[in-house]
Structure formats: C-alpha cells, structure tokens
Amino acid sequence: MIEFQNEEQNTFASIKVVGCGGGGNNAVNRMVDAGLRGVEFISVNTDRQALSQTNAQVKIQIGEKLTKGLGAGAIPEVGRRAAEESREEIASALKGADLVFITAGMGGGTGTGAAPIVAEIARDLGTLTIAVVTKPFNFEGKQRMKNAEAGIAELKQHVDTLVVIPNDRLLQVVNKGTTMIEAFKIADDVLRQGIQGISDLIAVPAMINLDFADVKTVMESGGMAHMGIGLGSGENKLVDAAKNAISSPLLETNIDGARAVLINVTGGEDISIVDINEAANLIMEAADPDANIIFGAGIDETMGDEVRITVIATGFEKTPFPAKEPARKPREIEHERLFGSFGTNFSRTETAAHTSFDAPAAAPASPFSSGNTGEVPTFMSSSRPSMGVPGMVNTGSFQTGFSYQQTAPQQPVQATQPFAPMGQNPGIPQAPAFAAQPTNYQPQFNSNGQVTGQTGSFPQVPQSQALETDTHGVPGFMKRKK
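In numbering that gives the first Met the number 0, the protein residues as written are 0 to 481.
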C-alpha cells in the first residue's frame, strides 16, 4: 500500500472515496483533476499497471498472490477473492472514516467483485457507506449486464444507500459528436457533485446549518438513493435549480415518494425567502406527505447570480437495505466455511384427550423421510398420561433439518375388551395389555399410497392376569403379610 500525505486535512467529518477497478479508478482520477476538496481518495485494483496511473493518495493492489498483478480477467469471483485476500489492507485504509463513498463500473471483474467486499469492511467499521456505481452500455453484451446486476444485488446487502447510473442514459443527454471521455465525465459529475455537496454541507458553516448527523439521518440504511444537484440563474433561478435537482436524466430515481429528504440551498446574498419557500415547496410536494425534511441554507458570495440546490432523498423502498451488524470473528467465518450453517428445531405438541375408552394406535412414520415427522414415545415426554385414564395420550413431534408438518390425527384401534374388571372392585378399570400385538391388523392407505392408519383389535386380557384387590382397591401383592 502506497500512501501520500494530503496537505489539506478535513477538520470536520472524515470522508473517503474508494474507486474499485478500472472504472472506479478513472472516476477517482477525474475527481482529483476537478479539484474536489475535503476528501481522501483511495484506489483499489488487481491490475498493477492500471493502479500505477491513478492519482489517489492511497493505492491498494489487492489479490497479489491470486492475480500476480495482472487483473481479474472480467471475472467478478476473482475480484471478490482478491479483495478477501487483502481485507486487512483495505480495513487499515478505511479506518477512521466517518463517511465512505464507493464507486465502480459494474460488470467487469475487479469492480463488480471487490466493491461489495470493500462496502462490507466499511460497514463493519461502523462507517456510513454510500455506493455510486454505473451499469454498462447495452452494446457491451448481455453477460456483462448480467454480472453488473448480480454485483449490484450483492452490493445492496452491504451499503447504507446506493445510487445507480445506467450508462445508456448518457446517450439521452449528449450530442452525436460527444467523445467517450466527455460522456464519462458527465456521469462522474453526479458522483463529484454529490460528494462535493455533502462535503460542503459538513464543512462550511451556513445560516441554517446542516452537519454530518443530518446527513447520517437521511442516508443510514436508506436503501436506493437519489442524489442530485441543480443549478439555476435568472429570475426563476431557485425554482429551476429545484427542478434540476429532483429529476436528473442520468439517474434511475427521482424523489417521488421519498420518506427522507435533505435540502440545502446555496447562493448569493440576493436570494429571497419567498423564492426559497417556493423552491422548497416544489421539492416537498414530490416527496411523501409524511417525509422527514431536513433543510439548510447558506451564502456563497462567489456564486454571483447563480444558486445551487442539493437534494439527497432516500426511503423509496418499503424494505430498505439491511441494518449494520457487528463484525463476525474470524473463527466464526472459518467455522461456517468448513461446516456450513444449519439449524435444528424441536417442538412438542399436545393432542386432545380421548374421551372414549378406545386404545389409540399410531400410524407408522419414519423421521428420516423429508417432510415427515416421527412420534416420540409417551415414556420420553415431559408429562405422562394419567394411569387412571389410559385414553389420555401425550405425544411429541420432532424435526431435524426438515420442514414442519402437522401430525395427522390418528384413528384409534377398537379393542374388543379394553377394560377388564379388577378383582373385587369392578369400578376400577384394568388397562389393556398394550404390549400384545393387535390381531386382524390391516394398514390403511390414502390416495397417494401412504400409510395413514391401521385397523385391528387387541386380544382380550385373560381374567387370570387381572390384579386382585381388596374392597379399598389395594392390590393383594402390596398388602403386609401377617
């Protein structure tokens, strides 16, 4: 890792911009050339030669052992593994940042694979993480677009907010003679202006001041984001600037339905409160009626007749991106890699008591068949049936690695004589000999050929097996011998 000391240090919130892969590195170079101030630039690449041509203060060659400095070959998995290899270097470079911007051209190898890993590391450090990425032109092929969409889906899991710029939108805003370099500069302006706008919000005092906490309120776990800057001049400059800020032709989003909106107005001393009110109302009308609006305004005498309105809007989705989770320990990650993750559920259900004196019989079931349940013997359950009411049966069902399935009610098997008189006290029933095998056994099948029950009867208990009791119901073998 090569570091160059930045002469201008931001004394407010620390902002770092990370360019991943060739597209991200090019975006960083253009922002450095444009004189973007108040931020630290970091370039990340698997290609040693491309990395040497960047103007970032910090350069990180990732996956040196894996790629030998020769790039990812347009394979996102190589880019991901390269970033994993250099995880410690990336974390060291991001340490201390309050806000991290990640930019990449999605669809290639390094940017697509490494950007989600960089974002994951940043969020694990507790940093507000925003990604601004591009999607490839249609003429770059279906496979590259497929890689880009998969990378964006992965990136969503690890950032607070995400801004996506489809390169095809550039074709709608440029002239026929526009060069490729000029077109990409237009796309980079969305990122540059957004970063500069946020940096100015944090660093430059204003009449109605905004700070980093306000930015964090709007963007933390915000999901897809709209980040626009509108310029205006002339009689209706504030209204024009507001319109330009809320509907950028390069973005897939506008602020319709946004539930969190940050508005910052900057202009000369001649801006009137009436014009500010009109511009702010225009923005608020496009957002959700109950949106959280954070407003700021400042004076910049160098702007002359121009005004600038910065709009950051989030909360379009009903289910925003996942909230931050604490970083997992290396041992946990390695354990999951070796053994995988699994879960075991155990549940016990109570069946309704049988009110008749029928001997219940359970259908045969195998707990080792997918989606099936196994019966837990009564003697293994936490509570046993009453000895006086053998019809009360307590069953349990267990499930290990299979989906839960309700145990079907079992049809009881009719016993020929379920309760025999006990000695001299016929009022106390004798439980049938359940150890005996039923006679006339016939399994019952459903329409799918599965066993659902059984029929048969238990043999009558011989009278000789009945316990002899006295008039108080005490078995004879329990009496004290004289």
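C-beta: ideal position from N, C-alpha, C; glycine also.
Query: In the DSSP assignment, what are the bridge partners of Met226?; Result: Ile311
Query: Quick check: Val99 and Leu69, are their CB atoms within less than 9 Å of each other?; Result: no
Query: Along the chain, where does the alpha helix (DSSP H) that runs through Ala147 open and close?; Result: 141-155
Query: Which of the three DSSP states, helix, strand or coil, is assigned to Val77?; Result: helix
Query: To which residues does DSSP link Pro165 through a beta bridge?; Result: Lys134
Query: Use the C-beta contact count for Asp167: other C-beta atoms within 10 angstroms, 16 or more gives buried, fewer gives exposed.; Result: exposed
Query: Taking all protein chains shown into account, decide if Gln56 is buried (16 or more other Cβ within 10 angstroms of its Cβ) or exposed.; Result: buried
Query: Among Ala82, Ile74, Val77, which residue has its Cα nearest to the Cα of Val43?; Result: Ala82
Query: Would Gly140 be called buried (16 or more neighbouring beta carbons within 10 Å of its own) or exposed?; Result: exposed
Query: Compute the Euclidean distance between the alpha carbons of Asp299 and Glu268, then round it to the nearest angstrom.; Result: 8 Å
Query: Give the range of the alpha helix (DSSP H) segment to which Ile298 is assigned.; Result: Run containing Ile298: none in the alpha helix (DSSP H); it sits in the beta strand (DSSP E), 291-298.
Query: Using a Cβ-Cβ cut-off of 7 Å (strictly less than) and excluding sequence neighbours within five positions of Phe136, which residues of its own chain qualify?; Result: Asn166, Asp167
Query: How long is the line joining the alpha carbons of Asn253 and Ser51, rounded to whole angstroms?; Result: 38 Å
Query: Kindly list the residues whose CB is nearer than 8 Å to the CB of Thr111, restricted to its own chain and excluding five residues on each side of it in sequence; keep chain order.; Result: Gly20, Pro75, Gly78, Ala103, Met105, Asn146, Ala147, Ala149, Gly150
Query: Helix, strand or coil for Thr102? Go by DSSP, reduced to three states.; Result: strand
Query: Report buried or exposed for Leu237, applying the criterion of at least 16 other Cβ atoms within 10 angstroms of its Cβ.; Result: buried
Query: Who are the Cβ neighbours of Ala224 in its own chain at under 6 Å, not counting the five residues just before and after it?; Result: Thr160, Val162, Thr313
Query: What's the gap between the Cα of Leu190 and the Cα of Val131?; Result: 7 Å
Query: Compare the Cα-Cα distances from Lys155 to each of Ala114, Gly23, Leu170 and report the closest residue.; Result: Ala114
Query: Does the contact criterion of 3 or more C-beta pairs under 8 Å hold for the region 195-203 versus the region 281-294?; Result: no
Query: Please state the DSSP three-state secondary structure of Ile272.; Result: helix
Query: So what's Thr66 in DSSP terms, helix, strand or just coil?; Result: helix
Query: Quick check: the region 238-258 against the region 213-229, are at least 3 beta-carbon pairs closer than 8 Å?; Result: yes
Query: Leaving out the 5 sequence neighbours to the left and right, which residues in its chain are closer than 6 Å to Val16 when beta-carbon positions are compared?; Result: Val38, Phe40, Phe100
Query: To the nearest angstrom, how far is it from the Cα of Leu488 to the Cα of Lys134?; Result: Because the chain in this structure spans residues 0 to 481, residue 488 falls outside the shown range and cannot be described.
Query: Taking the C-alpha atoms as reference points, what is the distance between Ala33 and Asn54?; Result: 12 Å
Query: Quick one: Cα of Ala278 to Cα of Ile120, how far?; Result: 39 Å
Query: Please identify the residue among Asn208, Phe315, Ala285, Thr178 whose C-alpha is closest to the C-alpha of Thr265.; Result: Asn208
Query: Where Val217 and Gly22 are concerned, what is the direct C-alpha to C-alpha distance, given to the nearest angstrom?; Result: 28 Å
Query: Any idea what DSSP makes of Gly23, helix, strand or coil?; Result: helix
Query: Could you check where the alpha helix (DSSP H) with Thr216 kicks off and where it finishes?; Result: 211-218
Query: For Ala257 versus Ala286, is the C-beta spacing smaller than 9 Å?; Result: yes
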